[in-house]
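FYI, in the working numbering the residues of the sequence shown are 1 to 317.
Structure record follows, encoded as structure tokens.
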Amino acid sequence: MRITVLAGGVGAARFLRGLLAAVSASEVTAIVNTGDDTELHGLSISPDLDTITYTLAEAIDPVRGWGLAGESWHAMEAMQRYVDVRPSGSSAAPTWFGLGDRDLATHFYRTARLVEGATLTDVTAEITRAWGLGLCVLPMTDDRFRTVVTLAESGQQVTFQDYFVRLRHAVAVAGISFEHSSARLTESARAAITGADVIIIAPSNPLVSIAPIRALPEVDRLLAERRHRVVAISPIVGGAALKGPADRMLHELGIEPSVVGVARLYAPIAAVLVVDPVDAHLASAVELVGPRCVVEPSIMFDIDRARALALACIAAV
Ligand code: FO1
Numbered sequence: 001m002r003i004t005v006l007a008g009g010v011g012a013a014r015f016l017r018g019l020l021a022a023v024s025a026s027e028v029t030a031i032v033n034t035g036d037d038t039e040l041h042g043l044s045i046s047p048d049l050d051t052i053t054y055t056l057a058e059a060i061d062p063v064r065g066w067g068l069a070g071e072s073w074h075a076m077e078a079m080q081r082y083v084d085v086r087p088s089g090s091s092a093a094p095t096w097f098g099l100g101d102r103d104l105a106t107h108f109y110r111t112a113r114l115v116e117g118a119t120l121t122d123v124t125a126e127i128t129r130a131w132g133l134g135l136c137v138l139p140m141t142d143d144r145f146r147t148v149v150t151l152a153e154s155g156q157q158v159t160f161q162d163y164f165v166r167l168r169h170a171v172a173v174a175g176i177s178f179e180h181s182s183a184r185l186t187e188s189a190r191a192a193i194t195g196a197d198v199i200i201i202a203p204s205n206p207l208v209s210i211a212p213i214r215a216l217p218e219v220d221r222l223l224a225e226r227r228h229r230v231v232a233i234s235p236i237v238g239g240a241a242l243k244g245p246a247d248r249m250l251h252e253l254g255i256e257p258s259v260v261g262v263a264r265l266y267a268p269i270a271a272v273l274v275v276d277p278v279d280a281h282l283a284s285a286v287e288l289v290g291p292r293c294v295v296e297p298s299i300m301f302d303i304d305r306a307r308a309l310a311l312a313c314i315a316a317v
């Protein structure tokens, strides 16, 4: 069986861990959001790709949900020395974004390979191989693509990491847009969509993790053509996000922060929406909007729960 998962960061990584406990890694391809990617210190940073890699390699920091477990921070601490001498307007020494000492090795490697002319797809395959992973992890695009957040109070447009990390996503959002004038879905990601027996939309933020993938030319059409094979998992449970600001973002952008709101977003591309038993009473409202509703515990407390959720997704189509 060929299973393709559209993925963001933490929620997708936990789901993929369960999926890999249920099926062989050679059957699984993840197409990963790169709208969160950024450059700091001249380094190419791909948070969702790394969160998935480190989680599946059992190396992630389990408390933070990003970066490596048992990390040290000497480089970041040493950088503090330069903050005081940095001219105003300079973006050097951005200490607000934590890159641990061992995590820096991944960033040095990715950056050096991209500078050599490798594609992000190539480099990601090399990094996942180095971490001993058997599944195929694909960035959604090899081209530059950036999620941009418009802040409600100032109307200012900031990068996703500025919003998420520097401003701690504690500010209201007025809009989300994507800078991607000529970005295209990679050929391998396209083949993973057109050739999959099951396509699963991970419980990731629909607006800033899944929407960037859908914003690439052709993706929504390819998914709509295969809608009968697409299962989405709601990242909203009981009206709240499993992790991160998805519930607030939906509300701020005028979308109902519930499984029904999620169903509306995914109705054109998904035949099934998986919701947690907490939301079972909304099953008929979900089905009125479009997707068939499957009720299955979707808070992934442990690997067994994640595995059961993965099996339910496969059974649903
Ligand atoms: N998230 C934070 O909240 N603070 C950080 O300093 C931070 C650093 C970081 C470094 C590498 C990486 O791969 C991820 C990192 N994240 C950090 C997480 C990440 O930026 C967000 O969780 C995702 O972009 C949202 O999916």
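Just so you know, even glycine gets a beta-carbon here, dropped at the ideal spot from N, CA and C.
Predicted, not measured: the structure shown is a model, and the values here were computed from it.
- Taking a 10 Å sphere around the C-beta of R110, we find 16 or more other C-beta atoms and assign the residue as buried.
- Distance between R144 and V272, taken at the CA atoms: about 32 Å.
- Each residue's CA atom was taken as its position, placing I255 and G290 some 16 Å apart.
- Under DSSP, P139 forms a beta bridge with V32.
- For the pair of segments examined, the region 269-284 was found to touch the region 224-231: the number of CB pairs separated by less than 8 Å reaches three.
- For W73 and L104, the gap between their C-alpha atoms comes out near 10 Å.
- When rounded, the separation of the alpha-carbon atoms in P47 and A283 is 34 Å.
- The nearest non-hydrogen atom of the ligand FO1 is 7 Å or more from the C-beta of V63.
- D37 and A315 have their C-alpha atoms roughly 34 Å apart.
- Listed in chain order, the non-local C-beta contacts of A306 below 8 Å within the same chain comprise R14, F15, R17, G18, L19, A21, M300, local neighbours out to five positions each way being set aside.
- Judged by the Cβ position, I31 fails to qualify as a neighbour of the ligand FO1 at the 7 Å threshold, every heavy atom of the ligand being at least this far.
- Listed in chain order, the alpha helix (DSSP H) runs fully inside the region 144-213 are 187-194, counting runs of at least 4 residues.
- Excluding five sequence positions before and after L133, the CB atoms of its chain that fall closer than 8 Å to its own CB belong to A25, T53, L56, A57, given in chain order.
- The region 138-152 makes contact with the region 210-225; the number of CB pairs closer than 8 Å reaches 3 or more.
- Per the coordinates, the alpha-carbon of P203 lies some 29 Å from the alpha-carbon of Q156.
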